[in-house]
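Mapped onto the numbering used here, the consecutive letters of the sequence shown carry residue numbers 2 to 448.
Note that beta-carbon positions come from the ideal geometry of N, C-alpha and C, so glycine has one too.
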Amino acid sequence: MSLTEPASNRLATSAALTARLGDVVPGGAHTYAKGTDQFPAGFAPVLRRGEGCRVWDVDGNEYVEWGMGLRSVTLGHGFAPVVEAVATAAAAGTNFVRPSELELEAAEALVARFPGADMVKFTKDGSTANTAAVKLARAATGRTVVALCEEQPFFSYDDWFIATTEMDAGIPVSARSETVGFAYNDVPSLERAFAAHPGAIACVILEPARIDEPEPAYLESVATLCRDHGTVLIFDECVTGFRWDVPGAQTLYGVTPDLSTFGKALANGFALSALVGRRELMELGGLEHEGKRVFLLSTTHGAEHVGLAAGLASWTAYDELAVTARLAEVGQTMRDGVSELARRHGVEACVSTVGHPACLFYTTRDGNGAPSQELRALFLQEMIRRGVLAPSFVSSYARDANAIEQTLEAVDGALATLSLALEHGVDHYLEGPPVQPVYRRYNAPDS
Ligand SMILES: Cc1ncc(COP(=O)(O)O)c(C=O)c1O
């Protein structure tokens with residue numbers, strides 16, 4: 002896409018398909034984070050295919066893609082060993098009336114990767130895995146309250162979590178009273194939650210890391226508090242799993258939860274997620290106990306073969322290739338490059354990277370240091386104009402040197418425009434309305 006040509010010339014088919022998507026799919030996408038309101042108007046490409054770290058839109062424009070399927074595609078689009086395993090599995094039938102040997106192979110292969118886990122249940126997304134973990138914890142403890150880390154953005158689309166966000170329409174008010182928040186890296190805030198709900202907290206759920214690394218002994222203290230209060234500790238590793246480390250952040254930081262959940266990177270973008278954990282808890286959903294039966298995950302597609310084959314082939318790739326090291330290396334290169342360019346353009350207070358290098362984000366702030374959706378939209382717009390689709394800088398193993406160079410060139414150009422916009426006003430440079438946060442009560446931007 003040329004820098005001067007209007008987006009409408011080069012994204013005409015995308016614009017038409019975006020309108021049609023809005024007609025048939027609420028929000029224009031099946032995940033809010035991919036929605037029409039998350040990209041600048043006129044700069045919302047509809048994609049056709051991907052290869053490695055690149056994607057092509059319906060108008061034939063090529064982009065370096067960051068974010069990679071909401072962080073699920075860690076090895077790269079069309080990663081051959083995964084695609085071949087999937088094709089073989091699909092040809093041999095995907096779902097039968099009894100469990101298959103592939104189901105056993107995948108379960109044993111995943112459990113073997115965890116020092117503290119004995120059993121697994123597969124499902125198709127992280128939300129259902131987390132909800133199942135919460136249900137198990139409630140059944141095991143006979144309690145209802147969920148303590149969740151309130152700075153972490155997403156655990157599940159189910160009521161127990163969405164009730165805590167701005168988008169709580171359709172959820173009984175009572176759901177809100179069944180959760181209590183605590184702050185990350187802040188042991189006293191978790192102690193206060195326990196003190197406020199004595200004997201009532203069924204589980205503590207948190208991502209072992211997100212933007213910040215855990216401070217020394219933080220996760221150990223959380224685990225000790227849970228043990229002392231008879232509360233189940235759940236690590237949500239949907240993002241950190243197979244990204245921070247293999248199998249996840251729990252092995253990197255050396256703290257074993259009672260239950261943990263995985264999704265996203267588990268199968269290189271194919272639909273597979275998992276709840277893994279200790280036998281005493283997981284078996285409550287099984288046949289070998291005398292207590293009340295727990296209706297733990299039971300889904301038609303939970304163990305269909307395409308997802309399992311993709312998982313097995315992905316885990317083999319992780320065994321053979323230094324995937325997580327590469328993800329972190331690419332992220333560090335991007336962090337250094339973006340900081341250097343921001344300094345050069347004098348906008349380091351407005352654009353900066355945050356997070357673990359394997360899961361790098363950027364923030365945009367106005368001249369007063371307040372988060373700015375206008376600047377985010379402008380940055381996205383200028384990156385897309387330069388052939389880079391970057392709602393984040395989350396990398397994949399397939400990221401090559403050219404892609405990084407092209408991205409940093411685009412950042413250079415985008416920051417030049419941002420610096421002008423800071424001087425003369427974003428309105429002069431942003432071609433449409435700004436992007437919006439996902440969690441907002443009303444659609445209208447000013448509500
Ligand atoms: C930390 C975390 N947990 C759970 C989920 C839910 O995963 P899914 O979208 O597969 O339901 C997400 C999704 O972004 C997530 O970031």
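- For secondary structure counted as the alpha helix (DSSP H) over 4 or more consecutive residues, the region 76 to 109 holds these complete runs in sequence order: 81 to 92.
- Annotation: the continuous alpha helix (DSSP H) that includes A343 extends over 324 to 345.
- In the three-state reduction of the DSSP assignment, S393 falls in the coil class.
- Counted as a single uninterrupted DSSP element, the alpha helix (DSSP H) harbouring C227 occupies residues 219 to 230.
- For the options H306, G77, A8, the alpha carbon positioned closest to that of A93 is the one of H306.
- With a threshold of 16 other beta carbon atoms within 10 Å, A108 meets it and is buried.
- Contact check between the region 234 to 246 and the region 176 to 184: fewer than three CB pairs, one atom from each, fall below 8 Å, which does not count as touching.
- In this model, L416 and V436 are separated by some 18 Å (Cα to Cα).
- Counting only runs of at least 3 residues, the region 128 to 193 fully encloses the following beta strand (DSSP E) elements, listed from N- to C-terminal order: 146 to 150, 180 to 183.
- The way I'd put it, the region 385 to 399 does touch the region 352 to 363; three or more beta-carbon pairs between them come closer than 8 Å.
- Relative to ligand 1, even the nearest heavy atom lies 7 Å or more away from the CB of S261.
- Residue pairing from DSSP places R366 in a beta bridge opposite P372.
- C-alpha of L297 to C-alpha of A130: approximately 10 Å in a straight line.
- In the structure shown, S15 adopts helical secondary structure according to DSSP, grouped into three states.
- Under the three-pair Cβ rule at 8 Å, the region 141 to 150 does not count as touching the region 307 to 324.
- Judged by their CB atoms, E152 and Y185 are nearer to each other than the 8 Å cut-off.
- Among the bridge pairs identified by DSSP, R55 is matched with E52, V65.
- In chain order, D119, M120 place their CB closer than 6 Å to the CB of R280, counting only its own chain and leaving out the 5 sequence neighbours on each side.
- Within the region 253 to 300, complete alpha helix (DSSP H) segments of at least 4 residues are found at 280 to 283, given in chain order.
- The residue from G370, D401, R344 with its alpha-carbon nearest to that of E330 is D401.
- Classified as exposed, P438 has fewer than 16 neighbouring CB atoms from the shown chains inside 10 Å of its CB.
- The Cβ-Cβ distance between P41 and E432 falls below 8 Å.
- The Cβ atoms of V427 and V339 do not sit closer than 8 Å to each other.
- Contact annotation: A250 and A210 have beta-carbon atoms nearer than 8 Å.
- Distance from the Cα of V348 is smallest, within the candidate group L191, L273, N369, for N369.
- Remark: fewer than three beta-carbon pairs, one from each stretch, lie closer than 8 Å, so the region 95 to 107 and the region 254 to 265 are not flagged as touching.
- By the criterion of at least three beta-carbon pairs nearer than 8 Å, the region 287 to 295 is not in contact with the region 80 to 95.
- Where A203 is concerned, the enclosing beta strand (DSSP E) starts and stops at 202 to 207.
- Nearest in C-alpha terms to P100, of all of G53, A17, T301, Q374, is T301.
- If you draw a 10 Å sphere on the C-beta of D24, you find fewer than 16 other C-beta atoms in it, and that means exposed.
- Bridge partners of G242 according to DSSP: D246.
- The shortest CA-to-CA distance from F162 to any of Y440, Q382, A194 is the one to Y440.
- In this structure, the C-beta of V240 approaches ligand 1 to less than 7 Å from one of its heavy atoms.
- Straight-line spacing of the CA atoms in G43 and P248 works out to 40 Å.
- Assigned with DSSP and collapsed to three states, S73 falls in coil, not helix or strand.
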